[in-house]
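The structure appears right after this line, and notes come after that.
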Amino acid sequence: MTGHGTLTRTRWRALAAAFLLAILAPLAAGQPQDPEERAALRDFLDQTINSADSFADRYDAEVWLVDMSARLERFVKDSEERLRLLRQVHAAAARASLPPELVLAVIEVESHFDRFAISRVGAQGMMQVMPFWKNEIGRADDNLTMNLTNFEYGCRILQFYLQREKGDLHRALAAYNGSLGSRRYSNKVYQAWARHWRTAPLPWAR
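The numbering of the sequence shown is the working numbering, which starts it at 110 and goes up by one.
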């Protein structure tokens with residue numbers, strides 16, 4: 110790394126640290142209709158739920174958290190709550206091999222970051238997870254209004270559908286929402302991602 114690059118990185122870390130110190134101071138993941146699909150998803154959840162910090166580098170953490178915290182402020186006013194939520198999203202997304210910005214877009218569409226959101230069909234929490242999944246994998250006591258739990262379920266369900274649909278974001282999101290065959294829901298997620306969360310390209314065009 111050149112001297113100029115080191116200086117830039119150092120300056121950014123100082124600014125990021127100052128920012129973090131300043132703000133710290135003061136439709137649902139529905140039930141699959143196909144019994145085989147339901148069984149496959151149940152087994153996938155059972156093997157992966159609740160399977161460290163997801164940031165490998167402190168500089169990367171500072172860059173991402175500062176950037177996303179500013180974007181999230183329109184939905185979550187409390188600065189400390191924003192940072193806690195972003196770390197939880199990033200960790201759950203990383204465990205499920207998902208872009209955290211995609212997960213933020215899903216949360217925006219599903220609940221607008223309301224952890225107590227409940228849909229008309231009973232889906233719960235920020236990622237609108239159907240509570241029957243708790244019994245399906247023998248975790249009846251899990252609380253889906255707790256963000257850590259909700260993100261783990263939601264991210265793993267989306268991961269399952271992304272794998273099944275061979276990386277096709279539109280089809281995976283439609284399956285997550287229970288609207289396979291339509292792009293209405295996936296287009297909403299795309300719009301939220303493009304407007305508020307995009308940091309790098311994702312393979313939307315299929």
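Where is the CB? At the ideal position from N, CA and C, for every residue including glycine.
Asked, Found
"Assign Lys-186 to buried or exposed, taking buried as 16 or more other Cβ atoms, counted over all protein chains shown, within 10 Å of its Cβ.", "exposed"
"Beta-carbon within less than 8 Å of Arg-151's beta-carbon, same chain only, minus the 5 sequence neighbours each way: which residues are those?", "Trp-242, Glu-245, Ile-246"
"Can you have a look at Leu-282 and say buried or exposed, based on whether 16 or more other CB atoms are within 10 angstroms of its CB?", "buried"
"Measure the alpha-carbon distance for Ala-179 versus Ser-295 and round it to whole angstroms.", "25 Å"
"Based on the DSSP output, what are the partners of Ile-227 in its beta bridges?", "Gln-233"
"Rounding to the nearest angstrom, what Cα-Cα distance links Ala-203 and Gly-276 in this structure?", "16 Å"
"Put Val-185 into one of helix, strand or coil per three-state DSSP.", "coil"
"Just the C-alpha distance for Leu-207 and Ile-266, rounded to the nearest angstrom, thanks.", "11 Å"
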